[in-house]
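In my numbering, the protein residues as written are 2 to 301. Ideal Cβ positions, reconstructed from N, Cα and C, are used throughout, including at glycine.
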Amino acid sequence: MYGWLIINEFLKTEKFVDIKNMFEESANKNNVTLDVYTNADFTLRIDIDDVDSVAFNSGNPDFVIFYDKDIALARALERKGIRLYNRSDAIRICDSKLLTYEKLASKVKMPESYIVPFTYENIGLNLINDSTREDFLDRIELLVSYPLIIKETYSSFGMGVHLVNSRKEAVAVLNKVGNRECVIQEYVDSSYGEDVRIQMVGDKCVAAMKRINKNDFRSNITNGGIMEVYTPNEEQLNLARKVMQELKLDFAGIDILFGNNNKPVLCEVNSNAHFRNLYDCTGVDTSDEIIKYIINDIVY
């Protein structure tokens, strides 16, 4: 079996290199030939809908593990009939927290969430200089109380997630955010500094960990959190399975908060989740689970 792993040309941090190495080792262990390319190895010609690359010298692959967010390239490869894991639309939706919430609305339990009005580049919301522009905050404050979460829809590793305790703090954050798309959410205080990362492959939970940060409302390991092996309960697993089904994901890291009475509340969905920390915590190699899932999917 022959496949490609596509990663980003311009994002070569230690974490991303580690993911690449794990996939290569797992492919070799499972007798799969896996060539690694970056999105810059492909030339997209829009006017005739063509994609070209030296990668095609060996013919079309049986599959592509698309560990990037270059949606235009992903779509172009799919139009050539190549099966991507994950599919382009699933990656596109998960890349935006707003699109994720829209797609899962009324289907899984999420924090009460409101969209911040659109504004233009170089204009921003400019709330301090014109208080009439804060009318949308007046309406939101009638529905949900401080503290609140302001979450930029395109952000990772806990960056772009802000806890605000007052109108003054909310205005300051929104002015700093500028024209970047974001949502305002109720703060799930029962999950302060804690959440569960469930790594799904297909409809199966292959590993899970609880993340704990006593010094920050965000549990991310990048922000100083610690991790421990966790066994999800049936309600958490059902939520994760529903997310996988609705977003048509092949694999994902799903972050779940602890709501009132420990009821699961969706935090976010990561189509291209980093899983080194999960491996260090649980000993489960997610790359190996993904390769086996792809083999089974193609063969059967």
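Separation of residue j from residue i, as counted between CA atoms
{"i": "LEU12", "j": "ARG93", "result": "18 Å"}
{"i": "HIS199", "j": "LYS98", "result": "The sequence shown places Ile at residue 199, not His. Cα to Cα, the separation comes out at about 17 Å."}
{"i": "LYS30", "j": "ASP289", "result": "8 Å"}
{"i": "GLY179", "j": "VAL266", "result": "28 Å"}
{"i": "TRP5", "j": "CYS183", "result": "34 Å"}
{"i": "PHE276", "j": "ARG134", "result": "42 Å"}
{"i": "TYR193", "j": "THR39", "result": "38 Å"}
{"i": "PHE64", "j": "PRO148", "result": "46 Å"}
{"i": "VAL172", "j": "GLY225", "result": "27 Å"}
{"i": "GLY203", "j": "LYS152", "result": "28 Å"}
{"i": "TYR102", "j": "MET111", "result": "8 Å"}
{"i": "SER191", "j": "ASN261", "result": "6 Å"}
{"i": "GLU229", "j": "LEU126", "result": "41 Å"}
{"i": "LEU279", "j": "ASN176", "result": "36 Å"}
{"i": "ASN221", "j": "LYS81", "result": "38 Å"}
{"i": "MET245", "j": "PHE252", "result": "8 Å"}
{"i": "ILE116", "j": "ASN234", "result": "31 Å"}
{"i": "VAL52", "j": "LYS70", "result": "17 Å"}
{"i": "VAL109", "j": "VAL162", "result": "21 Å"}
{"i": "LEU85", "j": "LYS205", "result": "19 Å"}
{"i": "THR232", "j": "TYR301", "result": "30 Å"}
{"i": "MET201", "j": "ASN214", "result": "23 Å"}
{"i": "SER272", "j": "ASP217", "result": "25 Å"}
{"i": "ALA73", "j": "SER89", "result": "8 Å"}
{"i": "GLU209", "j": "CYS268", "result": "Note on identity: in this sequence residue 209 is Ala, with Glu being the wrong assignment. Distance between the alpha carbons of ALA209 and CYS268: 15 Å."}
{"i": "ILE129", "j": "LEU164", "result": "19 Å"}
{"i": "ASN166", "j": "ALA274", "result": "30 Å"}
{"i": "ILE296", "j": "ASN32", "result": "10 Å"}
{"i": "GLU113", "j": "PHE57", "result": "47 Å"}
{"i": "PHE158", "j": "LYS16", "result": "12 Å"}
{"i": "LYS264", "j": "LEU240", "result": "10 Å"}
Beta bridge counterpart(s) of residue i as assigned by DSSP
{"i": "GLU153", "result": "CYS183"}
{"i": "GLU269", "result": "ASP256"}
{"i": "TYR3", "result": "THR34"}
{"i": "HIS163", "result": "ILE151"}
{"i": "ILE171", "result": "According to the sequence provided, residue 171 is Ala. The question's Ile does not apply to it. According to DSSP, which records beta bridges pairwise, ALA171 is partnered with nothing at all."}
{"i": "ALA208", "result": "GLN200"}
{"i": "PHE67", "result": "ILE7"}
{"i": "ASP51", "result": "ARG46"}
{"i": "VAL145", "result": "Answer is none; VAL145 lacks a bridge partner."}
{"i": "VAL230", "result": "MET210"}
{"i": "GLU195", "result": "ILE213"}
{"i": "VAL39", "result": "Going by the sequence as given, residue 39 is Thr instead of Val. For THR39, which the question treats as bridged, DSSP gives the partners ILE8."}
Buried/exposed call for residue i, threshold 16 Cβ in 10 Å
{"i": "LEU143", "result": "exposed"}
{"i": "ILE291", "result": "buried"}
{"i": "ILE7", "result": "buried"}
{"i": "SER107", "result": "exposed"}
{"i": "MET160", "result": "exposed"}
{"i": "ASN87", "result": "buried"}
{"i": "GLN237", "result": "buried"}
{"i": "ILE255", "result": "buried"}
{"i": "ASP48", "result": "exposed"}
{"i": "LYS211", "result": "buried"}
{"i": "THR34", "result": "exposed"}
{"i": "ARG46", "result": "exposed"}
{"i": "ILE20", "result": "buried"}
{"i": "THR287", "result": "buried"}
{"i": "TYR68", "result": "buried"}
{"i": "THR223", "result": "exposed"}
{"i": "SER27", "result": "buried"}
{"i": "ILE299", "result": "exposed"}
{"i": "VAL18", "result": "exposed"}
{"i": "ILE227", "result": "exposed"}
{"i": "THR14", "result": "exposed"}
Cβ separation of residue i and residue j, assumed to be a contact under 8 Å, to the nearest whole Å
{"i": "GLU187", "j": "PHE259", "result": "Not confirmed; about 14 Å, so no contact."}
{"i": "ARG181", "j": "LEU138", "result": "Wrong, their Cβ atoms sit about 17 Å apart, outside the cutoff."}
{"i": "THR66", "j": "PHE119", "result": "Note that residue 66 corresponds to Ile in the displayed sequence, not to Thr. At roughly 34 Å, the Cβ-Cβ gap does not stay under 8 Å, so ILE66 and PHE119 are not in contact."}
{"i": "TYR3", "j": "PRO62", "result": "5 Å"}
{"i": "ILE185", "j": "ILE124", "result": "Their Cβ separation, rounded to whole angstroms, is 19 Å, which puts ILE185 and ILE124 out of contact at 8 Å."}
{"i": "VAL270", "j": "CYS95", "result": "5 Å"}
{"i": "ALA91", "j": "LYS293", "result": "20 Å between Cβ atoms; not a contact."}
{"i": "SER54", "j": "THR44", "result": "7 Å"}
{"i": "GLU79", "j": "ALA41", "result": "With 8 Å as the limit, GLU79 and ALA41 do not qualify as a contact, their Cβ atoms being about 19 Å apart."}
{"i": "LEU105", "j": "GLU247", "result": "6 Å"}
{"i": "ILE257", "j": "VAL197", "result": "5 Å"}
- Tell me the start and end of each unbroken beta strand (DSSP E) in the stretch 85-120 that is at least 3 residues and wholly inside, in chain order. Segments of the beta strand (DSSP E) lying fully in the stretch 85-120: 114-116.
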